[in-house]
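S.K.:
Number of protein chains: 2
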Amino acid sequence: MSRTSFKEHNCSLARTVDLLGDPWMLLILRDSFYGSTTFSEFQKGLNVARNVLSDRLERLVTAGVLEKRPTRPGVERYTYHRTPRGDELFPLMMTLLQWGDRWLSGPEGVPVKIVDAESRAPVQEMVVISRDGRHLRPEDSRIEPGPGAGPHLLKVFAYFKNKRREAGS
Amino acid sequence: MSRTSFKEHNCSLARTVDLLGDPWMLLILRDSFYGSTTFSEFQKGLNVARNVLSDRLERLVTAGVLEKRPTRPGVERYTYHRTPRGDELFPLMMTLLQWGDRWLSGPEGVPVKIVDAESRAPVQEMVVISRDGRHLRPEDSRIEPGPGAGPHLLKVFAYFKNKRREAGS
Numbered sequence: 021m022s023r024t025s026f027k028e029h030n031c032s033l034a035r036t037v038d039l040l041g042d043p044w045m046l047l048i049l050r051d052s053f054y055g056s057t058t059f060s061e062f063q064k065g066l067n068v069a070r071n072v073l074s075d076r077l078e079r080l081v082t083a084g085v086l087e088k089r090p091t092r093p094g095v096e097r098y099t100y101h102r103t104p105r106g107d108e109l110f111p112l113m114m115t116l117l118q119w120g121d122r123w124l125s126g127p128e129g130v131p132v133k134i135v136d137a138e139s140r141a142p143v144q145e146m147v148v149i150s151r152d153g154r155h156l157r158p159e160d161s162r163i164e165p166g167p168g169a170g171p172h173l174l175k176v177f178a179y180f181k182n183k184r185r186e187a188g189s
Numbered sequence: 021m022s023r024t025s026f027k028e029h030n031c032s033l034a035r036t037v038d039l040l041g042d043p044w045m046l047l048i049l050r051d052s053f054y055g056s057t058t059f060s061e062f063q064k065g066l067n068v069a070r071n072v073l074s075d076r077l078e079r080l081v082t083a084g085v086l087e088k089r090p091t092r093p094g095v096e097r098y099t100y101h102r103t104p105r106g107d108e109l110f111p112l113m114m115t116l117l118q119w120g121d122r123w124l125s126g127p128e129g130v131p132v133k134i135v136d137a138e139s140r141a142p143v144q145e146m147v148v149i150s151r152d153g154r155h156l157r158p159e160d161s162r163i164e165p166g167p168g169a170g171p172h173l174l175k176v177f178a179y180f181k182n183k184r185r186e187a188g189s
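Line order of the protein sequences matches chains R and F. Its first residue numbered 21, the first sequence is counted upward by one per residue in the working numbering. Its first residue numbered 21, the second sequence is counted upward by one per residue in the working numbering.
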């Protein structure tokens, strides 16, 4: 698998996937949201090999998603905390969780609920919303080139626009 | 990497990650939302080896996220379309895209905009919202066991609850 090819697409989604589209990265993030901060908490929570965990934690630190803080001066032990950039992955975590709740949970019901700390009521379903507050399904949205779209992406857009036109939609 | 270990966690997020936490799976889904339906459209869009693409498309069909339709009777060629389950990955796609837009795009600006088909205005930022409409940050939320939480998960919850109490938060 060539990771470079994703970047060639010049697409923010591909960039995120290139960085985080790995099961361990996503599960380490989940455990960070659940409250894990120490190496051994992550290790016990995920039942993951030490070298794999070290590697992924370093990658998350390099990506600016987690930061490490020494537990005591002069000791090579750290705790791992989300940065603001990491905190902004909260909506991503919720979409992964809610889709699994809806489509992959068994008759026993959902294992975990995310609730509002104040009211203890479950949070709302994650949906795509228009500027004027309408819930948008995929067919209610359009994809348009942004200012950073390169020539390759513009060609892709033209292709799909033409395809839609031929399909009469 | 043992995929089984994710499932042991009995967590909807882990189940989603186990199914979709692979760069190709996520990028094939992206291209499906962009309009790709044929094998060759996916292949050109992703610059991916045919065997890898075949494998991932079959996995998405088995998972009920895409369905395949024969192009003509009696011919072994198919197009791939999102099912309702696949359509509900739209919010996941948006969170991946928006996080990348915000943290991983260059000075040239975002490559792609998702807009409301009616007004052509960009969609809102994906955020976690309480039942009464407040924007929740991670620290405004709590994680609670649901009806499907098993004994292991209950122990994990007790551990983190105790940890928060000791930290005085």
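Each residue gets a CB set at the ideal place from its N, CA and C atoms; glycine is no exception. Given the structure is predicted, the values throughout are model-derived calculations rather than measurements.
(1) As a quick exercise: from R/Val95, R/Asp160, R/Ala141, pick the residue whose alpha carbon is nearest that of F/Gly153.
(2) Taking F/Asn30 as the query, report the chain R residues whose CB atoms sit under 8 angstroms from its CB, ordered along the chain.
(3) Closer than 7 angstroms, Cβ to any Cβ of chain F: which residues of the segment 46-63 of chain R, in chain order?
(4) Could you say if the segment 80-99 of chain F and the segment 117-131 of chain F meet the contact criterion of at least three C-beta pairs nearer than 8 angstroms?
(5) Just the chain R side, please: which residues come within less than 9 angstroms of F/Ser74 by C-beta, in chain order?
(6) Using a C-beta cutoff of 9 angstroms, does F/Pro90 count as contacting chain R?
(7) Would you mind working out which of F/Asn67, F/Ser32, F/Thr36, F/Thr58 sits nearest R/Ala34, comparing C-alpha positions?
(8) Does DSSP put R/Arg92 in a helix, in a strand, or in coil?
(9) At 7 angstroms on the CB atoms, spell out the chain R contacts of F/Gly120, in chain order.
(10) Taking DSSP as the reference, what is the three-state secondary structure of R/Leu39?
(11) Taking Cβ-Cβ distances below 8 angstroms as the criterion, which residues of the segment 163-176 of chain R are in contact with chain F?
(12) Ignoring anything shorter than 3 residues, give me the beta strand (DSSP E) runs that lie fully in the segment 52-115 of chain R, in order along the chain.
(13) When DSSP labels each residue in this structure, what does R/Glu159 get in the three-state scheme?
(14) Out of curiosity, what's the CA-to-CA distance linking R/Pro167 and F/Val95?
(15) Among R/Asp136, R/Asp42, R/Gly65, which has the Cα closest to the Cα of F/Asn30?
(16) Could you compute how far the alpha carbon of F/Pro165 sits from the alpha carbon of F/Val176?
(17) Determine the DSSP secondary structure at F/Thr24, reduced to helix, strand or coil.
(18) Measure from the C-beta of F/Pro158 to each C-beta in chain R and report whether the shortest distance is under 9 angstroms.
(19) Taking the alpha-carbon positions, what's the R/Ile48 to F/Gln63 distance?
(20) At the 9 angstroms Cβ level, is R/Glu128 part of the contact set with chain F, yes or no?
(21) Under 9 angstroms between the Cβ atoms of F/Val143 and R/Ser150?
(22) Rounded C-beta distance between F/Ser161 and R/Ile134? I'm assuming under 8 angstroms.
(23) Are the beta-carbon atoms of F/Leu156 and R/Asp136 separated by less than 9 angstroms?
(24) What does R/Pro93 touch in chain F if you count any residue whose Cβ is under 9 angstroms from its own?
(25) Taking only the alpha-carbon atoms, compute the straight-line gap between F/Val147 and R/Ala187 and give it to the nearest angstrom.
(26) What residues from chain R crowd round F/Leu116, counting only those whose CB sits closer than 7 angstroms?
M.R.: So, from the data block:
(1) R/Ala141
(2) Pro131
(3) Correct list: Leu46, Leu47, Arg50, Phe53, Tyr54, Gly55.
(4) no
(5) What F/Ser74 touches in chain R: nothing, since even the nearest Cβ is about 14 angstroms away.
(6) no
(7) F/Asn67
(8) Coil, per DSSP.
(9) Ser32, Leu33, Arg35, Thr36
(10) Three-state DSSP puts R/Leu39 in a helix.
(11) Ile163, Glu164, Pro165, Gly166, Pro167, Gly168, Ala169, Gly170, Leu173, Val176
(12) Listed in chain order, the complete beta strand (DSSP E) runs (minimum 3 residues) inside the segment 52-115 of chain R are 86-90, 98-102.
(13) helix
(14) 42 angstroms
(15) R/Gly65
(16) 10 angstroms
(17) Residue placement at F/Thr24 is flagged as unreliable, the pLDDT there being 45, under the threshold of 50; the coordinate-derived value follows with that caveat. In this structure, F/Thr24 counts as helix in the three-state DSSP scheme.
(18) yes
(19) 31 angstroms
(20) yes
(21) Cβ atoms of F/Val143 and R/Ser150: closer than 9 angstroms.
(22) 5 angstroms
(23) yes
(24) What R/Pro93 touches in chain F: nothing, since even the nearest Cβ is about 20 angstroms away.
(25) 34 angstroms
(26) Listed along chain R are Leu33, Thr36, Val37, Leu112, each with a C-beta nearer than 7 angstroms to that of F/Leu116.
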